[in-house]
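Protein chains in written order, with our numbering: chain Y, 1 to 409; chain P, 410 to 703; chain S, 704 to 1031. Scroll down for the structure; my scribbles are underneath it.
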Amino acid sequence: MTERITGVTRRRAAAMAGAALASPFLFHIARAQTANIKVGFPVPLTGPYGAEAQDQVRAAQVAIAEFNETGGLKGRQAELLVRDDKLNPGEAATRALELCETDKVDFVVGSLSASVQLAVNNVTKARKVLYNSISQSDAINEAKDFSPYTFHEALNPHMTGGAVGRYAFAKYGKKVAFLTADYAYGYEMVRGFQAAGKPMGVQTLIDVRHPLGATDFSTLLPRIQALRPEVLVISNFGRDQQIALKQATDFGLKKSMKIVVPILLYTGRIAAGAQAFDGVVGGTSYYWGIEKTIPSAKAFNDRFRKMHNGRVPSDYGSLAYAGVKTFLMASRQAGTTDPQAVIPVMEALKYDDYKGPEYYRKCDHQAVQSVFIIESKNAPAGDPDVFNVIATDAPNEVNLRSCEELGFK
Amino acid sequence: MAGLTLQLLGLQLFTGVALGALYVLLAVGLSLIFGMLTVVNFAHGAFYMLGAYVGMWLLMHGVNFWLALALAPLAVGLLGLAVERTLIRPLYGRGIDYPLLLTFGLSYIIVEGVRVVFGNTGYPVDTPEILQGAVNIGVGYFPLYRLFVIAATAVILLALWLFLERTSFGLIVRAGARDPQIVRILGVDVARVWLIVFGLGTALAALAGVLAAPLQGVIPEMGGPILAEAFVVTVVGGMGSLVGAVLAGLLVGVVVSMTSLFAPEMSRVAIFALMAVVLLIKPQGFFGRAGLMS
Amino acid sequence: MTVDNVVALRPSEPARGWLSLARRRRAWLASLLLILFPLIVPFKALAAQILVYGLYALGLNLLFGYLGLLSFGHAALFGVGAYFCGIAVATFGLPWWAGIGLGIFGGTLAAALIGALAIRTRGIYFAMVTLALAQCVYYLFYEEAGWTGGESGLTGVDVKTIDLFGVSFNFVDPLVHYYVICAFVVAALFALSRILASPFGAVIEGVRENEARARASGIDVSRVRLVTFIVSGAFCGLAGALLSLNLSIVSIETLNYETSGLAVMMCLLGGMGTFFGPFVGAALFLLLENIVSLYTVHWQLIVGAAFVACVLFFPRGVWGTLMQGLEK
């Protein structure tokens, strides 16, 4: 049973002062000063990604605490305004409107799905509010949805699919079948894999699309099995991924092919257990185990463990840490939270928050960063060390779509 | 279409039947409740989910699979009895919409209740050891557990059939489904029959849940989509008809499976398109009776 | 048809003087309440959402409350309206008023198509057939990602200013935003009031109260049902269009069956078959959700329990019960 994060109780504080005072979870209200730096944080606390969202809140709290303990911005403290977007774009847009219009936040960080991310971006763009998105999408990089106020700390499908593809096709074979969730995220991942595979002479045997939120993949598997691919790429997310891997294991697919996924989710692996994920290879923006080689990861993990009862941060959680931290650090460097001053600082930033060196590319504000290739191992239940890091795809702009490709002049 | 063999079609047919088996169990419960009580049970998906969770919880605490398969439906069935007695019974005679709305609200409570107890994230459920692996069924290898689901459904249906055909209680249920007024006039305690039928229906839903758990794990939201699909099955089969529920369940399973083969992304819309077509041709469904509709 | 023991407005019933006056001026009073509403709700964005969902529930109420037909597929009418308006503004760059017009058209069109099919079925089948047809619409819009954005939703439904009679309103300003939407909702309220007071309104309630008698009086019941469904679609289409302008996005969840259920819940909470009930229901639902989520993430538990309590003990809903109390 998951520990519940009640940061969301902050949400109606403005409207209900009495209730706000009664809430024991207001980390910074005691120190509240007139001009706190407000970070709006819409994440899907209710719904299937609740576990990820709660971890995002935890990680964001770490970033806030660090900033405040080191003096804030000329004495101004930061506070986190957590909102539940319910994984619903309409809900997310409403919450984002409230954050921008009524709470008058300085930054918005958050989202856990492409559609919610685009919805929040649409609101912040029109109101000229800084936004750091922490979920994967190729669309947000494109010139059509670009906003000078939006940064993209998460990986995008092109980077992820490319990194995993380059590793997997070289190692496991060039005859590839795809099983893909029928929405933008799935297509973008496949496109990333195929872009990486093309120069390697990879042959796509079939691309089977499954409906989003499918609970039964059994009807799709015999066909894939009959084609005898060397690699099966399963491009879906969350619960779809857990069920697909479980049923692929049941149908014995792992005996004849290597199963590869673009993002191997930490919370998903923990929830679904070792059996279904055993031997599956995938990519990630962060796995806590990299602390053995990367000092900034060690520092972040230690901080996180100390603040949250020895837990380790998850992949998507860590993105929230970096997303909040870069804004706070940039505003400290700029000496103000004024977007016009913060944006140039963000664009020039070279940072190593938690996973090695990163920077935001100027044309689309995408964080150029490493992708870790990991493999699930047969760890006993309760052991947080569930992956082996088997390769690292170093940060390189070549692995991103070019600015021209995205429609920037 | 390359690689399309008779074997693949055969295998696909089998997966369709296995999928249909779960629809059948849910639809039979729905149909039983509707046919008897004229209650459209919108909480049926929630009872299915609850069954899966209770089963998961029992397995987690070292209860063996076969016992869990019996205990979880029993527990959920008892809850079903309580729900009928306390919440639904006051609504009889107030129009057909009210029980529907009540169970709709109830499903929110059950789903959220499960979230309170078990958290938002789902849990994996391992296939019982004895049923792991795949067996050759002539057209290729097929997961043993799915064969078991088909067999278990067949056994349950047989038992249900014997119960309805060979016991005096079954006779009352069948008569009650045809004309509850006459049955009441004949001096039968209809209220008690309705109570038991509702419990039985929810127990069947829970059983489907326990059977589904090793296929897909458990998650609080698992009852939503399958409820919509089970509705389609009952409507296609004809509401209140058990034979219709069984045949339509298998049909829908096979239709989903075959569309998955040729146009996977259309597999879900196929279910609803099938229903629209059937209703246009035969507004009562295959085995439905016009009298039940108004 | 079963005769639901839900009390709607019965013009023939004797009532106290001021109450009957209030009843005759119901559209004025309702509008006044909506105009004062932002003064008590702290978040303008939430207040605007309540308006939009109230109008959507009002559309369903015409069918569910006044005619007695339960639809579980109204999300299709709402969503198609939202997408038509969104696509008009975002993709074709049409002005906002054209978007609203197309939104109403979209809702009406969807209602005509779904209605023509669903009206063939009766009673409980109607609820399930509308549910299934709405799901078909959902998947259709989901698959046509080139137009609708698919799962990612439609973005860029941006209206920055609204020019009216030579005056330019800043639509990004929260309060202006609210009152522009409010103006359309008020117009809809007056339209509904006129419809209900017309002979057709009497026919609608006549069909609900006693279908056989209505039939015997020479009323074409199927036709009344279809026309009411289509009119209901026009209201829902308008609500959808306002939703897309309010949030400047359209998400595929708008077409989801849960959105259909939402309208039913709001109607019942507020009081089906009452003029202002849907708005009370929408406000109660959205505010309850927000207040309860102040204390717990398990707000659905409370909302579900409140709903069940309403079904069991207050079938007339909060507003309906209140009105009944005043009449005594």
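Even glycine gets a Cβ: it sits at the ideal position worked out from N, Cα and C.
Hey, how far is the Cα of residue i from the Cα of residue j?
i	j	result
P/Gly514	S/Asn764	18 Å
P/Pro692	S/Leu797	42 Å
Y/Asn141	Y/Thr46	27 Å
S/Tyr998	P/Ala560	47 Å
P/Leu420	Y/Gln194	30 Å
P/Val686	P/Val641	12 Å
Y/Ser23	S/Glu992	Note on Y/Ser23: pLDDT 38, under 50, position unreliable in the model; the coordinate value appears next. Approximately 18 Å between the Cα atoms of the pair.
P/Pro537	Y/Asp103	53 Å
P/Val525	S/Thr851	36 Å
Y/Gly71	Y/Glu101	28 Å
S/Val744	Y/Ala35	24 Å
Y/Phe25	Y/Thr124	With a pLDDT of only 38 at Y/Phe25, under 50, the local geometry of the prediction cannot be trusted, and the value read off the model is given with reservation. Cα to Cα, Y/Phe25 sits roughly 27 Å from Y/Thr124.
P/Val492	S/Leu1015	13 Å
Y/Asn388	P/Ser440	50 Å
S/Glu914	S/Gly921	11 Å
S/Tyr845	P/Leu573	43 Å
P/Ala455	P/Leu609	15 Å
P/Ala430	P/Phe681	18 Å
S/Pro902	P/Gly647	38 Å
Y/Ala32	Y/Val57	Since pLDDT at Y/Ala32 reaches only 41, below the 50 mark, its modelled position is unreliable, and the value read off the structure follows with that caveat. If I take the Cα positions, the gap works out to 19 Å.
P/Ile442	Y/Lys171	56 Å
Y/Ile29	Y/Glu69	Residue placement at Y/Ile29 cannot be trusted, given a pLDDT of 40 that sits under 50; what the coordinates show is reported in the next sentence. Roughly 15 Å between the two C-alpha positions.
Should residue i and residue j be called a contact, given that it needs their Cβ atoms to be closer than 8 Å?
i	j	result
S/Gly936	S/Thr811	yes
S/Tyr882	S/Ala750	no
Y/Leu212	Y/Asp182	yes
Y/Gly407	P/Asn529	no
Y/Phe107	Y/Gly40	yes
S/Leu972	S/Gly904	no
S/Ser774	S/Ala835	no
Y/Pro262	Y/Val164	yes
S/Ile822	S/Leu958	no
Y/Val231	Y/Met200	no
P/Gly632	P/Met458	yes
P/Leu509	P/Ile635	no
S/Ser954	Y/Ala119	yes
S/Leu758	S/Leu941	yes
Taking residue i as the query, report the chain P residues whose CB atoms sit under 7 Å from its CB, ordered along the chain.
i	result
Y/Leu220	Ser669, Pro673
Y/Val208	Pro673
Which residues in chain Y sit within 7 Å of residue i, going by Cβ to Cβ distance?
i	result
S/Phe746	Glu98, Thr102
S/Ser871	Residues of chain Y passing the Cβ test: none, with the nearest at roughly 17 Å.
Could you tell me the boundaries of the beta strand (DSSP E) in which residue i lies?
i	result
S/Leu773	It is not in any beta strand (DSSP E) - S/Leu773 carries neither H nor E in the DSSP assignment.
Y/Arg209	203-210
Y/Lys258	258-263
Y/His152	150-152
Along the chain, where does the alpha helix (DSSP H) containing residue i start, and where does it finish?
i	result
S/Ser947	924-950
S/Ala917	914-919
S/Ala837	826-846
P/Tyr517	506-527
P/Glu493	Looking at the DSSP string, P/Glu493 is not in any alpha helix (DSSP H), and its letter there is neither H nor E.
List, in order along the chain, the chain S residues whose C-beta lies closer than 8 Å to that of residue i?
i	result
P/Leu515	Gly1007, Val1011
P/Tyr507	Val1014, Pro1018
P/Phe681	Ala835, Leu836, Gln838, Cys839, Tyr842
Y/Thr94	Ala748, Leu749, Gln752, Leu950
Y/Asn88	Ser954, Glu956
Identify the contact partners of residue i in chain Y, using a Cβ-Cβ distance below 8 Å as the criterion.
i	result
P/Met631	Thr215
P/Leu417	Pro222, Arg223, Ala226
What does residue i reach in chain P if we use C-beta pairs closer than 9 Å?
i	result
S/His1001	Glu521, Gly522, Arg524, Val525
Which residues in chain S sit within 9 Å of residue i, going by Cβ to Cβ distance?
i	result
P/Leu496	Val1011, Val1014, Leu1015
Within 8 Å (strictly less), CB to CB, does residue i reach chain A?
i	result
Y/Arg58	Of the protein chains in this structure, namely Y, P and S, none is chain A.
Touch test, the segment 58-76 of chain Y against the segment 544-563 of chain P, Cβ-Cβ under 8 Å, three pairs minimum: no
Inter-stretch contact at 8 Å, needing at least 3 Cβ pairs: the segment 380-397 of chain Y / the segment 277-295 of chain Y: yes
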